[in-house]
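Chains as they are written, first to last, in my numbering: chain A, 1 to 337; chain B, 1001 to 1337; chain C, 2001 to 2337; chain D, 3001 to 3337.
Each residue gets a CB set at the ideal place from its N, CA and C atoms; glycine is no exception.
Encoded as structure tokens, the structure appears first; notes follow it.
Protein chains: 4
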Amino acid sequence: MVMKFLSDNAARVHPKVWDAMKAADAPDSPYDGDALSRSLDDRFSAIFGRDCAALWVATGTAANCLALSAMVEPHGAVICHREAHIEMDEGGAPGFYLHGAKLLLANGEGAKITPEAVARVIDPIRDGVHQVQPHAISITQASEYGRVYRPEELAALARFAKEKRLGLHMDGARFANAAAFLGGNVAGGAAQAAGEVDALSFGMVKNGGMSAEAIVFFDPAMADKVRFRRKRAGHLQSKGRYLAAQILAMLEDDLWLDNARAANAAAGEIAAAAKGRLLHPVEANEIFLISTAVERLALREQGFEFYDWGDDAARLVTAWDSREDHVSALARAISGL
Amino acid sequence: MVMKFLSDNAARVHPKVWDAMKAADAPDSPYDGDALSRSLDDRFSAIFGRDCAALWVATGTAANCLALSAMVEPHGAVICHREAHIEMDEGGAPGFYLHGAKLLLANGEGAKITPEAVARVIDPIRDGVHQVQPHAISITQASEYGRVYRPEELAALARFAKEKRLGLHMDGARFANAAAFLGGNVAGGAAQAAGEVDALSFGMVKNGGMSAEAIVFFDPAMADKVRFRRKRAGHLQSKGRYLAAQILAMLEDDLWLDNARAANAAAGEIAAAAKGRLLHPVEANEIFLISTAVERLALREQGFEFYDWGDDAARLVTAWDSREDHVSALARAISGL
Amino acid sequence: MVMKFLSDNAARVHPKVWDAMKAADAPDSPYDGDALSRSLDDRFSAIFGRDCAALWVATGTAANCLALSAMVEPHGAVICHREAHIEMDEGGAPGFYLHGAKLLLANGEGAKITPEAVARVIDPIRDGVHQVQPHAISITQASEYGRVYRPEELAALARFAKEKRLGLHMDGARFANAAAFLGGNVAGGAAQAAGEVDALSFGMVKNGGMSAEAIVFFDPAMADKVRFRRKRAGHLQSKGRYLAAQILAMLEDDLWLDNARAANAAAGEIAAAAKGRLLHPVEANEIFLISTAVERLALREQGFEFYDWGDDAARLVTAWDSREDHVSALARAISGL
Amino acid sequence: MVMKFLSDNAARVHPKVWDAMKAADAPDSPYDGDALSRSLDDRFSAIFGRDCAALWVATGTAANCLALSAMVEPHGAVICHREAHIEMDEGGAPGFYLHGAKLLLANGEGAKITPEAVARVIDPIRDGVHQVQPHAISITQASEYGRVYRPEELAALARFAKEKRLGLHMDGARFANAAAFLGGNVAGGAAQAAGEVDALSFGMVKNGGMSAEAIVFFDPAMADKVRFRRKRAGHLQSKGRYLAAQILAMLEDDLWLDNARAANAAAGEIAAAAKGRLLHPVEANEIFLISTAVERLALREQGFEFYDWGDDAARLVTAWDSREDHVSALARAISGL
């Protein structure tokens, strides 16, 4: 039996998302002129408790780079973590979308950065035109190691960004998992998690969607600019209503949080079994399991699929639809190593 | 009653496309590593009777610009018709994807161009570095006025392009409608229509798809390059299998041709009623109806929706799902003007 | 004897410019930190009677494109005359410097444009993201046909640009010739000619300089941005003092105007002899001489060098150092045709 | 008395360079059509003993980036040392000229890199489109710390580059100093130093020139492409003959080597006095002097100007025209610390 823990990015599409897409299957205005697309701003404004403008795009890469294109000029730079997705896994898309602007790499535990880490990158930059000046910071929530920025950490970064006159972008490919982790008052939790940033790539695809991510702008002027950039990048789909439908379905009755909670819970069960073997605390839906090659082989022989993480660890990812029996089996298998 | 003839780009998704997408709803490899995506090359090679490499993308704009990016260097130019979609309706995407390369505009009846029309554009270009040199030609099949290049016209353009060492790209947003119009042996018709070009943007969305177009490369080296460019443009969706599924469904049992024939037939019925009022011969699924403002108002009052085309015409577009009763009603209404 | 009327762009360097360069031949701060470079803002502010910021660059192409880069975003467009240098002779540099922004081409007699001509280009642009929106206008003073915008024409364009929220750039490769033509109070003439625009490419190379043009910004914020863009384009020379020295020498005691008057006077003498044969009124230092191939051959056999201008005309250009005997000889030769 | 050891980039222009420029002060063909510019290919071919194509540009930044633009596609990357000039001091020019391609940073003693250092950067890059793939390597000769690649080191890098199908570019802002250091048979030494690379930015400005650097291509096809890119970047000066004249003067009778030898000798004298205080062996014309803030203050109080290099060192640079008395004084002052 194959039990997949490779990534959440290939999971199935949630039935409610399917239903919403089917419900959108009647002619409406093309592009983002349809009723569903036009309702996104209000929907996100309600969730975040402040004025938002939201645009759909097909991928997280496009979301991240379009969001940044509103904050960074071609001659500027973005500070991000050394292992940020925009640096490591987007095929140079930031260079393309930002017309050659630079990524400056900060260090930080758990792929998270702090004002101090950013300062260590930008303080040595000489003033003047010989060195590329920073224009924005990009952080990932939850981080590439499944770590979650706490509200006070975000607030500190936001203050720092303001002070340095830098834009602040959040790559929220797993924003839902982070919001679920932060828990408590749901809408409040979300607001805390995102209200400090200028733009958020609000991921849906890893969490039950098919092909729609939302870019949420807390500064509507940025959205006005990005509308042009989205079209120019070939990301303005003519049947945009099917993307808007996915997003609205995810937001309806907090499906996004329910799905994220399910993925997080699965990860938590596995993490509990992996005590003492965790490379990083498990706060979202990724488990980095310290393990030998022999141990990983043993897991694979039992049917578990996952990626190696260097020589001494495995990366295991749960998703909204991780099967309980698979998760329990994995937890047992890890306990038995 | 509202009867929409605004555009085919907002039509519904064909039931067989839905079925194929649902059938793809199990975890598989992400991006284009899934079985469906991996089958596209063979599928298109069979259709065109020669080795092809095919990539899915979400929009025609991305398809066109990515295809051209394999042929045109940043310091080069593309010759296209003055009213080509890449010039008129893509928000400057060619400038973005080609890193500032130029569009050079040719004239031609029915938004079609000929070797002579291209020559009139490029012959005056002085040799040397002061003027941008042409690197490729882009044509639209069917054209922006619903006109179809005949095989001999394509062959002449292909010969010309070879001779001038220019790439040749076909924007086939309505390639299916053109192929259907060219008729006869279906696969043969398609091959005739496209075999001469280096890359084809094979449109699916206007013809029953939801969010997948195919870029078909007749030179696989171009595809290898464009794979990088697609990722870099944020167009490599993680759940690519849903795009591949759409394309495969469209190709299965010639659904693409059936759908195009239906749209063309509907346009033909309307055109027959509009005799003497046609700005352009109707060869695909667009009708440019010479009409006064008063006449257009009369049509709109009967429930027909369409765009004005300048002051003296209307543009009416049929789709694979145009309702027969709407089409007949429109034909009658036009006859009665 | 060879008598060159090919172009002013290969003329000699004025002795006073040489002297100034030699005088700068001691170590000073590199880049634009030297005393000469730092004096440019004040010098131009005095000439134009308002706060200016001025940057040197090596070429008119760089000056034009850098100036425009402060006004035009990558997703925007510049309106210019169909025969503007930025469109016809800069090897696609605007596409490079503006990251793919578009040039929109206006018509107009004598390669000059009017608000009406610009309106004819931009009025049909549909609002929204599907078509590239205009961000700036670029005009050439004197125009590519040696025609000069009058103060009231500039004022009208400036009003129009403000109203449409467009930047206004002047390509002044032959700004000196235009200023000389406008005559009268020298400083006033210059101010009239340029005070309405946001940025001026103030040409020096055709007028006695060697390798320095000035970009004059009437909005200092633009200069601050362009300082970064200049470095990024590899145009911040380390021994910038030699460029600043050239510019200051040209400005000293109105050498720029003296040189331009000399070139204009030479052109005037030739024009007087060419009465009835002029394709364009001669307002600066270019003569477009209606002539047959036989006549042009006759001129060439007498030693005159110049370019054909299509089949029925010659382009003859005078420079600051055109020799009086050559000019008189040419005038006589034309009279004798 | 002020004694400047800040940088060689602000030194005077050599009298023979002035003479050559003056000798070019007659009208000739514009751009690079003049006799001097047309002689560059042959001149460099003779020096390097193989077919070369050479282009002038005004700055090292432009030379580096244009050279790389012939080897690196927008979706590719360049590997360079972490402290390479293209990474640290060119204001993001590589991002501009390479349309968003990436710089990948290697480590290495003395700002030099080895095949092993490059391998450590590129080996972890996953094959496929998610990570930017390397297209070229750029090295600096002499390095940013004044260190010189030996012929066998260059040969090893060249072999490695070929094997990995990477272009190889040499930033030779101080190539003359390196060639002088490598010594022996002069032309042979130069050939050894550069013959293995695809393109060389041959610096002249720091070594007695005013405003001309040469890009030497050992693959003429690259030059053909870069000619277009140079114009497109606004670097094709109309009075190019003055740049060609500078380069030819520098090459005449090995003036470039004489000048470099003078600068190196001056550095050597200072280095001898600084024994035990050198951060890097002195192989060219830069001295990195380990020193306390108090010591640096003492030197400055004696009239020496230089840059701090971090907290614990000073950077001192000699030039072709460093005065012997200044050099001796500095050596004495250092000895006396």
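Between the CA atoms of residue j and residue i - distance to the nearest angstrom
i, j, result
"C/A2062", "C/A2173", "11 angstroms"
"D/A3011", "C/R2241", "11 angstroms"
"C/L2278", "C/Y2307", "15 angstroms"
"B/G1208", "B/A1244", "14 angstroms"
"D/A3156", "D/N3259", "29 angstroms"
"C/L2330", "C/F2304", "7 angstroms"
"C/M2250", "D/I3079", "44 angstroms"
"B/P1094", "A/A233", "9 angstroms"
"C/F2218", "C/P2134", "21 angstroms"
"D/L3068", "D/K3225", "11 angstroms"
"D/R3159", "B/I1139", "44 angstroms"
"C/R2315", "C/L2105", "23 angstroms"
"B/R1300", "B/M1210", "28 angstroms"
"C/E2283", "C/W2320", "15 angstroms"
"B/L1154", "B/T1114", "9 angstroms"
"C/R2120", "B/D1089", "18 angstroms"
"C/P2027", "D/G3092", "27 angstroms"
Same chain, Cβ closer than 8 angstroms to residue i, five either side skipped, listed in chain order
i, result
"B/V1129", "none"
"A/P74", "L98, H99, G100, A101"
"C/S2039", "A2244, L2248"
"A/Q131", "I125"
"C/A2313", "L2279, F2288, L2289, I2290, S2291"
Buried/exposed call for residue i, threshold 16 Cβ in 10 Å
i, result
"D/G3049", "exposed"
"B/M1001", "exposed"
"B/G1183", "exposed"
"D/P3015", "exposed"
"A/R296", "buried"
"A/K231", "buried"
"C/E2213", "buried"
"B/D1253", "exposed"
"A/E87", "buried"
"C/V2294", "exposed"
Residue i - partner residues in DSSP beta bridges
i, result
"B/F1288", "B/R1315"
"C/M2170", "C/I2139, C/L2200"
"D/Q3302", "DSSP lists no partner for D/Q3302."
"D/P3134", "D/A3077"
"A/Y307", "A/R315"
"A/F55", "Note on identity: in this sequence residue 55 of chain A is Leu, with Phe being the wrong assignment. Its beta-bridge partners are A/I215."
"D/A3106", "D/H3081"
"B/K1004", "B/E1305"
Chain-order list of residues whose beta-carbon lies under 6 angstroms from that of residue i (same chain, five-residue window excluded)
i, result
"D/A3161", "I3137, L3168"
"A/R227", "none"
"B/Y1145", "G1110, A1111, H1280"
CB-CB length for residue i against residue j, believed under 8 angstroms
i, j, result
"B/S1201", "B/N1107", "So it is not a contact: roughly 22 angstroms between Cβ atoms."
"B/S1322", "B/A1274", "That pair is no contact at about 15 angstroms."
"B/V1205", "B/F1005", "Their Cβ separation, rounded to whole angstroms, is 18 angstroms, which puts B/V1205 and B/F1005 out of contact at 8 angstroms."
"D/A3271", "D/D3008", "Contact doesn't hold; Cβ gap of about 16 angstroms is too wide."
"A/A178", "A/A142", "4 angstroms"
"B/L1066", "B/V1057", "6 angstroms"
Spatial neighbours of residue i in its chain, beta-carbon cut-off 7 angstroms, leaving aside the 5 residues before and after
i, result
"C/R2261", "A2180"
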